[in-house]
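The numbering of the sequence shown is this note's numbering, which starts it at 256 and goes up by one. A quick write-up on the structure given underneath.
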Amino acid sequence: GATFNALDFAPDGTLYAAAAGESVVYTIDPVTGRTKQVATYPHSYISSGDLAVIGNQLLATVTSGRGTGSDVLVSIDLTTFTPTVIGSTGFTNIYGLAAYGPQLFGYTFTGEVLQIEPATAKSTVLAKTGIQFYGASAR
Numbered sequence: 256g257a258t259f260n261a262l263d264f265a266p267d268g269t270l271y272a273a274a275a276g277e278s279v280v281y282t283i284d285p286v287t288g289r290t291k292q293v294a295t296y297p298h299s300y301i302s303s304g305d306l307a308v309i310g311n312q313l314l315a316t317v318t319s320g321r322g323t324g325s326d327v328l329v330s331i332d333l334t335t336f337t338p339t340v341i342g343s344t345g346f347t348n349i350y351g352l353a354a355y356g357p358q359l360f361g362y363t364f365t366g367e368v369l370q371i372e373p374a375t376a377k378s379t380v381l382a383k384t385g386i387q388f389y390g391a392s393a394r
C-alpha cells in the first residue's frame, strides 16, 4: 500500500491524500479507508510535502524526485481534477501546508514558516523557528 505524506480535508468533508514518491492524488473514505485515484501530478512530479484546499483548488507541494531544485506548487481543480503547475516556491522540503481562508502557509523541514501566494507560488519567510516541521493543517 501507499505511504501517505500529504493529507487535507476539503470543507465538504472529502479527505484528499498523496503518497510519498508518487504522482497520484487520492480520496480516502474516512469510514472504510478505501482509496480512489482522482488526479495525477503533471510532468512526472511527485509528492514532496503536503496538500491544502483553498476554494475549489487542491494545492500541493511537489518535486521532480531528483533531489534538486525547489518545491513546486501545483493546483488541482476540484471540479475537473485538472492539474496546473503554478510555479517554483523557491524553497525545498515544504513538508506542511495550511490554508487559512484565502491564504496559504508553508512549513519547512528546516523550520521556516512561509506565506505562499496561491496564484504565483511566490513565497516569503515569515519566521525562522528552528523547528523541523513534518506537516501542518488549519482545519
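Backbone N, C-alpha and C fix where the C-beta goes; we use that ideal spot for every residue, glycine too.
Once the 5 residues before and after residue i are set aside, which same chain residues still bring their CB inside 6 Å of it?
i	result
Phe-259	Ala-272 and Ala-274
Gly-351	Asp-305, Tyr-362, Phe-388, Gly-390 and Ala-391
Over the uninterrupted beta strand (DSSP E) stretch that includes residue i, give me the two end residues.
i	result
Val-286	No beta strand (DSSP E) contains Val-286, which DSSP labels as neither H nor E.
Gly-351	349 to 355
Phe-259	259 to 264
Gly-304	301 to 309
Ala-272	270 to 274
Ala-391	Counting along the chain, Ala-391 falls outside any beta strand (DSSP E), and DSSP gives it neither H nor E.
Ala-315	312 to 318
Given this structure, state the Cα-to-Cα distance separating residue i from residue j, to the nearest angstrom.
i	j	result
Thr-363	Gln-387	7 Å
Asp-326	Ile-301	10 Å
Asp-305	Leu-381	19 Å
Tyr-389	Gly-366	10 Å
Leu-333	Lys-291	14 Å
Leu-262	Ser-299	20 Å
Glu-372	Ile-331	15 Å
Ser-343	Thr-316	9 Å
Lys-377	Ala-393	20 Å
Ile-349	Ile-283	23 Å
Thr-379	Leu-369	5 Å
Val-340	Ala-374	10 Å
Thr-347	Gly-385	15 Å
Going by DSSP, which residues form a beta bridge with residue i?
i	result
Lys-383	Glu-367
Ser-343	Val-327
Phe-360	Ala-353 and Gln-370
Thr-295	Val-279
Asp-332	Gln-312
For residue i, count neighbouring C-beta atoms within 10 Å of its own C-beta (all shown protein chains included) and say buried if the count is 16 or more, exposed if not.
i	result
Tyr-355	exposed
Val-280	buried
Ala-294	buried
Val-286	exposed
Phe-336	exposed
So, for residue i: in the same chain, excluding its five sequence neighbours on each side, which residues have a beta-carbon less than 8 Å away from its beta-carbon?
i	result
Val-308	Asp-263, Phe-264, Ala-265, Pro-266, Tyr-271, Leu-314, Leu-333 and Ala-354
Glu-277	Ala-257, Ile-301 and Ser-302
Hey, is residue i's beta-carbon within less than 8 Å of any beta-carbon in chain B?
i	result
Val-340	Protein chain content of the structure displayed is limited to a single chain, and chain B is not contained in it.
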